[in-house]
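Visitor: Chains as they are written, first to last, in our numbering: chain A, 1 to 397; chain B, 1001 to 1397.
Here a beta-carbon is modelled for each residue, glycine too, at the ideal position from N, C-alpha and C.
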């Protein structure tokens, strides 16, 4: 019998307890012995199936030598950070779905885990139930990773899908997502690109092996996106999706950012709809590999946590290096990155041509929408300085 | 310095040597020391960059204690089987892309590896460079796997894509694939579903944990597929793809087979074109997760072998159990499996209705094409016995 603890009993924490119970047979078959949730850390005691496992005292976990793995689903950086450190210090493996903590403190916590000869695993922090980090760091370990990009937030993808399908405005689609439980009452972290941004940082950390400071990663969401751009893009053969991108630059540097992009409709990621997520990893040997599925939800995310629990126990004493250096050197502003740009301006084609030279016109109906040649973000900003820009987005190559 | 050997210097074997050389920096960074190909086993000496590493005597590898991992890319079951056994017996890890050997002898070779406390890894045997087996057995380990299906053969998918896009016949599309180097001079293993069938066996073995006898897995290819069915299906909103499927049956049994299917065009796998592969894994917690990319080719497949080499070395002494029992019990004929069926018959709608009751008519132009309700394969065969059947395929739900 292997005993674990869960910290935090929200959606994911409850899901972890459910997966451990419902898939007990599969788990025991792989582990060779049963897995049991012994202790659940909560702030406030609640009635329910886990009432007799609850404690509000972290020391009950920290000082219990029979608990070998702790699943942290508290969220945020405060208590989650402190308890994770203490659990690792106490020689316990820690598994988490907490993307904020991993993005901000993952490198430090991995170093601590290494020192204590235990595992700190966080597959569930990106892509929920979709295996992404493990394939990136292990299955594709013989590649130089040149780019990772993806639809990393299901809430915003649902909103965009509704805008395209029904012609709803952003505000109406957001309201619908909230009514369906796909968006929270305060949707800021989702719609402003912050959630996708944290996941992008983790992908960049692991793809390139250097710590990326989330503060330096520009995060733009979809709250300013207009239905007009969605329709113009669609007519020209593009879909608009919120992408997180981590890119190795030609000069050897690296960059990362989150922003809405125009995606050519023949790119498989253009067809990823509703709450689904997809991540594309470009290896120099494999080419593009895509991972697709439900990126969130109680059971998918929880099952990824439980798989990490199993791996933490099996990769004894600890899994190999995943190579994440605290050195942040080489991170460059994404404005360095070249791409085609979509612009919608208040003005004529003549105005557009005056600023950008030859462009591909998408619409000239009072305002002008067009695509530029490949230019850097700096050039885009510079050349558009005399235009009345209503919308500006990168085009995914 | 870690030294390895390559057995067989065909496409994949050459690729392994190239990946080890070209991505030396990435590999050394993860392993902590350089990786070097010391010996290459060939049948006939050839000039080229690896001339001085070549031997035609397997004992040069078997008896060399400095060689810790052997990459087997000989193919087939004869010499590959013997040398793999002897390498494992000699205490060396073995890594392979040889799907025939894994499908037929994988369970036995894994047991031998376990006994000798080394790894036998074969990620590259399914999906080439796309991570599939590792995610299935590890990242999704906390799931009960209910189904795995996929486009597992790039050659047939290329031929089907050309038939749809250009209206070419099967024979013409095959010729084109051969001219482009996507199909071999003898294309039997690809077009008759044998290659996809071996991969399906491996997926079924790992998904359900029981040995599947390849002899019992019906394998139907695309050589009898008519352009007429492709067009009728497309008009009705379906694409035809050659799928390998491994399914957990409602009664607790399991089945597996390869056959062309009609796939609804809103299923992401319907859009997988050209030489690309895709595998969908259905976990009871994650729901459907899809893995997509180039399923073959020198560098993708080789990079998966090299990642396995790295994992074999890092998961020391050996990776956890993947759970593959020699017990073949519970395998049932896929005729037990229910689905809707597509039929094209020489006859009228009246003939179709006389045999199947109410059907969904797709065409009534001299011959009749229609979709049945959900029935088992046995029922489909039974009810069609008085019809002149020109084509019959399952519809993917």
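Going by the DSSP bridge assignment, what does residue 1338 of chain B pair with across the sheet?
Guide: Here residue 1338 of chain B is taken as the residue at index 338 of the second chain, counted from 1. Bridge partners of residue 1338 of chain B: B:1376.
Visitor: Below 7 Å on C-beta distance, what does residue 1291 of chain B contact in chain A?
Guide: On the second chain, residue 1291 of chain B is found 291 positions in, with the first residue counted as 1. Within chain A, the residues near residue 1291 of chain B are 291.
Visitor: In chain order, what residues of the same chain lie with their CB nearer than 6 Å to the CB of residue 1358 of chain B, ignoring the 5 residues before and after it?
Guide: To locate residue 1358 of chain B, count along the second chain from 1; it is residue 358. Contacts found: none.
Visitor: Determine the extent of the beta strand (DSSP E) in which residue 1115 of chain B is found, giving its start and end residues.
Guide: Locating residue 1115 of chain B in the second chain gives position 115, where the first residue counts as 1. Segment 1099 to 1115 is the alpha helix (DSSP H) holding residue 1115 of chain B; no beta strand (DSSP E) there.
Visitor: Check whether the Cβ of residue 248 of chain A lies closer than 8 Å to any Cβ atom in chain B.
Guide: Numbered from 1 along the first chain, position 248 holds the residue referred to as residue 248 of chain A. Taking Cβ atoms only, chain B never reaches closer than 8 Å to residue 248 of chain A, which makes this a no.
Visitor: Chain B partners of residue 52 of chain A, CB-CB under 8 Å?
Guide: Counted from its first residue, the first chain places residue 52 of chain A at position 52. What residue 52 of chain A touches in chain B: nothing, since even the nearest Cβ is about 23 Å away.
Visitor: Label residue 1047 of chain B either buried or exposed according to how many other C-beta atoms from any shown protein chain fall within 10 Å of its C-beta, with 16 as the threshold for buried.
Guide: Counted from its first residue, the second chain places residue 1047 of chain B at position 47. So residue 1047 of chain B ends up on the exposed side.
Visitor: Tell me which same chain residues have a C-beta within less than 7 Å of the C-beta of residue 1092 of chain B, skipping the five on either side of it?
Guide: Counting from 1 along the second chain, the entry for residue 1092 of chain B is found at position 92. If we look at residue 1092 of chain B and ignore the five residues flanking it on each side, its Cβ neighbours are 1067, 1068, 1069, 1070, 1118.
Visitor: For residue 335 of chain A, collect the residues of the same chain with a Cβ closer than 6 Å to its Cβ; drop the 5 residues on either side in sequence, then sort them by chain order.
Guide: By 1-based counting over the first chain, the position of residue 335 of chain A is 335. These residues qualify, in order along the chain: 377, 378.
Visitor: Is DSSP giving residue 1125 of chain B helix, strand or coil here?
Guide: Working through the second chain from its first residue, we reach residue 1125 of chain B at position 125. Residue 1125 of chain B falls in the helix class under three-state DSSP.
Visitor: Runs of 4 residues minimum, wholly inside the stretch 1155 to 1192 of chain B: which ones carry the alpha helix (DSSP H) assignment?
Guide: Entirely contained in the stretch 1155 to 1192 of chain B, the alpha helix (DSSP H) runs reaching 4 residues are, in chain order, 1170 to 1179, 1188 to 1191.
Visitor: Closer than 7 Å between beta carbons: that is the criterion. Which residues of the stretch 214 to 226 of chain A meet it against chain B?
Guide: Flagged: no residues at all.
Visitor: Give a yes or no on whether the minimum CB-CB distance between residue 310 of chain A and chain B is below 8 Å.
Guide: On the first chain, residue 310 of chain A is found 310 positions in, with the first residue counted as 1. For residue 310 of chain A, the answer is yes, since a Cβ of chain B falls inside 8 Å of its Cβ.
Visitor: Going by C-alpha to C-alpha distance, which of B:1348, B:1353, B:1281 sits closest to residue 1144 of chain B?
Guide: Looking up residue 1144 of chain B in the second chain gives position 144. Residue 1144 of chain B has its Cα closest to that of B:1281, out of B:1348, B:1353, B:1281.
Visitor: Relative to the C-alpha of residue 355 of chain A, which candidate in A:269, A:159, A:109, A:386 has its C-alpha closest?
Guide: Indexing the first chain from 1 puts residue 355 of chain A at position 355. Among A:269, A:159, A:109, A:386, the Cα nearest to that of residue 355 of chain A is on A:386.
Visitor: What three-state label does DSSP hand residue 138 of chain A in the structure shown?
Guide: As a first step, residue 138 of chain A must be located in the first chain, where it is residue number 138. Residue 138 of chain A: helix per DSSP, three-state reduction.
Visitor: Are the Cβ atoms of residue 330 of chain A and residue 394 of chain A separated by less than 8 Å?
Guide: Stepping through the first chain from its first residue, residue 330 of chain A is reached at position 330. Stepping through the first chain from its first residue, residue 394 of chain A is reached at position 394. No, the pair does not count as a contact, with Cβ atoms beyond the cut-off.
Visitor: Compare the C-beta of residue 299 of chain A with all C-beta atoms of chain B and state if any pair is closer than 8 Å.
Guide: Counted from its first residue, the first chain places residue 299 of chain A at position 299. Taking Cβ atoms only, chain B reaches closer than 8 Å to residue 299 of chain A, which makes this a yes.
Visitor: Assign residue 1366 of chain B to one of two classes, buried (16 or more other C-beta atoms within 10 Å of its C-beta) or exposed (fewer than that).
Guide: Here residue 1366 of chain B is taken as the residue at index 366 of the second chain, counted from 1. Flag for residue 1366 of chain B reads exposed.
Visitor: Let me check one thing: in DSSP terms, what residues is residue 264 of chain A bridge-paired to?
Guide: Residue mapping note: residue 264 of chain A aligns to position 264 of the first chain, counting from 1. Partner(s): A:238.
Visitor: Taking 8 Å as the cut-off, does the stretch 115 to 131 of chain A touch the stretch 1273 to 1293 of chain B (at least 3 CB pairs, one atom from each stretch)?
Guide: Output reads yes: the stretch 115 to 131 of chain A touches the stretch 1273 to 1293 of chain B.
Visitor: Buried or exposed, going by whether 16 or more other CB atoms sit within 10 Å of the CB of residue 21 of chain A?
Guide: Translated into the one-based positions of the first chain, residue 21 of chain A becomes position 21. The residue is exposed, with fewer than 16 neighbouring Cβ atoms inside 10 Å.
Visitor: Residue 1 of chain A: buried (16+ other C-beta within 10 angstroms of its C-beta) or exposed?
Guide: To locate residue 1 of chain A, count along the first chain from 1; it is residue 1. Residue 1 of chain A is exposed by the Cβ-count criterion.
Visitor: Since residue 1211 of chain B is in the alpha helix (DSSP H), which residue starts that stretch and which ends it?
Guide: In the second chain, the residue the question calls residue 1211 of chain B occupies position 211. Element bounds for residue 1211 of chain B: n/a, residue is neither H nor E.
Visitor: Where residue 1383 of chain B and residue 1363 of chain B are concerned, what is the direct C-alpha to C-alpha distance, given to the nearest angstrom?
Guide: As a first step, residue 1383 of chain B must be located in the second chain, where it is residue number 383. As a first step, residue 1363 of chain B must be located in the second chain, where it is residue number 363. Near 20 Å, if we compare the C-alpha coordinates of residue 1363 of chain B and residue 1383 of chain B.
Visitor: I'd like the list of long-range same chain contacts for residue 1312 of chain B, defined as Cβ closer than 7 Å, with 5 residues on each side in sequence excluded.
Guide: The sequence position of residue 1312 of chain B within the second chain is 312, counting from 1. Result list for residue 1312 of chain B: 1069, 1093, 1095, 1119, 1121, in chain order.
Visitor: Among residues of its own chain, excluding the 5 on either side of residue 1185 of chain B, which ones have a beta-carbon nearer than 8 Å to its beta-carbon?
Guide: Numbered from 1 along the second chain, position 185 holds the residue referred to as residue 1185 of chain B. So the qualifying residues of the chain are 1178.
Visitor: Is residue 1369 of chain B buried or exposed, if buried means 16 or more other CB atoms sit within 10 Å of its CB?
Guide: Looking up residue 1369 of chain B in the second chain gives position 369. It counts as buried.
Visitor: Please tell me whether residue 42 of chain A and residue 4 of chain A are closer than 8 Å, where the distance is taken between their beta carbons.
Guide: Sequence index remark: in the first chain, residue 42 of chain A carries index 42 (1-based). Sequence index remark: in the first chain, residue 4 of chain A carries index 4 (1-based). Taking 8 Å as the Cβ cut-off, residue 42 of chain A and residue 4 of chain A do not qualify as a contacting pair.
Visitor: Is it right to say residue 72 of chain A is buried, meaning 16 or more other beta carbons lie within 10 angstroms of its own, or is it exposed?
Guide: On the first chain, position 72 is the one that residue 72 of chain A refers to. That one is buried.
Visitor: Please state whether DSSP places residue 1068 of chain B in a helix, a strand or coil.
Guide: For this step, residue 1068 of chain B is matched to residue 68 along the second chain. DSSP places residue 1068 of chain B in strand when its eight states are reduced to three.
Visitor: Assign residue 1253 of chain B to one of three DSSP states: helix, strand, or coil.
Guide: As a working note, residue 1253 of chain B is residue 253 in the second chain. Correct three-state label for residue 1253 of chain B: coil.
Visitor: Please name the residues in the stretch 118 to 149 of chain A whose beta-carbon is closer than 7 Å to at least one beta-carbon of chain B, in chain order.
Guide: Flagged, chain order: 123, 129, 130, 131, 134, 135, 138, 139, 140, 141, 142, 143, 144.
Visitor: What does DSSP give as the partner residue(s) for residue 1149 of chain B in the beta ladder?
Guide: Counting from 1 along the second chain, the entry for residue 1149 of chain B is found at position 149. Its beta-bridge partners are B:1245, B:1280.
Visitor: Quick one: does residue 96 of chain A have its CB under 8 Å from some CB of chain B?
Guide: Here residue 96 of chain A corresponds to residue number 96 of the first chain, with the count starting at 1. By this cut-off, residue 96 of chain A is not an interface position.
Visitor: Just how far apart, CA to CA, sit residue 381 of chain A and residue 51 of chain A?
Guide: Numbered from its first residue, the first chain carries residue 381 of chain A at position 381. Numbered from its first residue, the first chain carries residue 51 of chain A at position 51. Distance between the alpha carbons of residue 381 of chain A and residue 51 of chain A: 57 Å.
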